Every structure is written in C-alpha cells, then in structure tokens.
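Participant:
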Amino acid sequence: MKVEDDEVGDFGEPANYKTVMLDPNMVIWQGAMDEEMKYMKVNKVWIVVDRPPNAK
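Printed below as a string of structure tokens:
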C-alpha cells in the first residue's frame, strides 16, 4: 500500500493560526482555540514571568 504525500498528516485541521483565519469555519475554530486557552489558564499550564532586561 502506498500513501500519497499530500494525505500524510491531513486530519482536517488547519496547520496554523493564519490558515484558521482564512478558513470559512473561522468562527468555529476561534471558539475552540478560546476554549482551549481558557482551560490552560484554569489548569495553570504555565506561569507568567517578567521578561529579562536584555530581551527584545
């Protein structure tokens, strides 16, 4: 069995944020991203730290 290159990894999800913003279903994707970010904050997935003085 041979898999075509363009089928590998294609799960029907946009590859990046820019692709989402161009997608006709952008509102649905935006809602899903907002919900994921909400739960990351609730679960304290990361902590916010001050940027080092020499950082850009």
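The numbering used here puts the first residue of the sequence shown at 8, with every later residue one more than the last. Glycine residues also receive a C-beta, built at the ideal position from the N, C-alpha and C atoms. Treat the numbers as computed from the prediction; the structure is a model and nothing was measured.
#1: Just to confirm the assignment, what range does the alpha helix (DSSP H) spanning W36 have?
#2: What does the alpha-carbon distance come out to for the pair D57 and V49?
#3: Can you grab the Cα-Cα spacing for the pair G19 / W36, in whole Å?
#4: Can you find the residues in the same chain that come closer than 6 Å, C-beta to C-beta, to G21, ignoring five residues on each side of it along the sequence?
#5: Please list the terminal residues of the continuous alpha helix (DSSP H) segment that includes V27.
Facilitator: From the atom records:
#1: M33 to V49
#2: 20 Å
#3: 12 Å
#4: A small fix is needed here, since residue 21 is Pro in this sequence, not Gly. Answer for P21: V27 and D30, listed in chain order.
#5: Run containing V27: Y24 to L29, per the alpha helix (DSSP H) assignment.
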